[in-house]
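Heads up: the structure comes next, in structure tokens.
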Amino acid sequence: MSLAQRYHKVILTVAAIVVIPSAIYGGVVLRDRISAPTDYAQSLAAVHTVPASVSNDRRKLIQDELQQLLAEREEVQHKIDEVKARMAK
12 MSLAQRYHKV ILTVAAIVVI PSAIYGGVVL RDRISAPTDY AQSLAAVHTV PASVSNDRRK
72 LIQDELQQLL AEREEVQHKI DEVKARMAK
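The sequence shown lines up with residues 12 to 100 when you count with our numbering.
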């Protein structure tokens, strides 16, 4: 293996270990800074566009699952509020 090939391998290894995860993390942080989701339901309100290729049955299943998740979220939030109220006493 020549010296150039070794350097190339080292550069690719460093990129895979350091640069790529840093870029992904930086993109996530930047995305959250640009448009930080203030509320889960509000952030989902913007995502109502569904491709025309999705059938109505699939759309109905997705909507049902979304409603179930939102209901579960409300229950969890209620329990969190109860715990906070108990801790405040």
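We treat Cβ as the ideally placed atom computed from N, Cα and C, and that holds for glycine.
Look at the alpha carbon of residue i and the alpha carbon of residue j, and state the distance between them as a whole number of angstroms.
{"i": "I91", "j": "E85", "result": "10 Å"}
{"i": "S13", "j": "A27", "result": "21 Å"}
{"i": "L77", "j": "T24", "result": "41 Å"}
{"i": "M21", "j": "Y36", "result": "Note that residue 21 is Val in the sequence shown here, rather than Met. One C-alpha to the other measures close to 22 Å."}
Does DSSP classify residue i as helix, strand or coil?
{"i": "S13", "result": "coil"}
{"i": "S33", "result": "helix"}
{"i": "K2", "result": "The requested residue 2 is not part of the displayed model; the chain covers only 12 to 100."}
Which same chain residues end up closer than 7 Å to residue i when comparing Cβ atoms and leaving out the 5 residues on each side of it in sequence?
{"i": "S33", "result": "none"}
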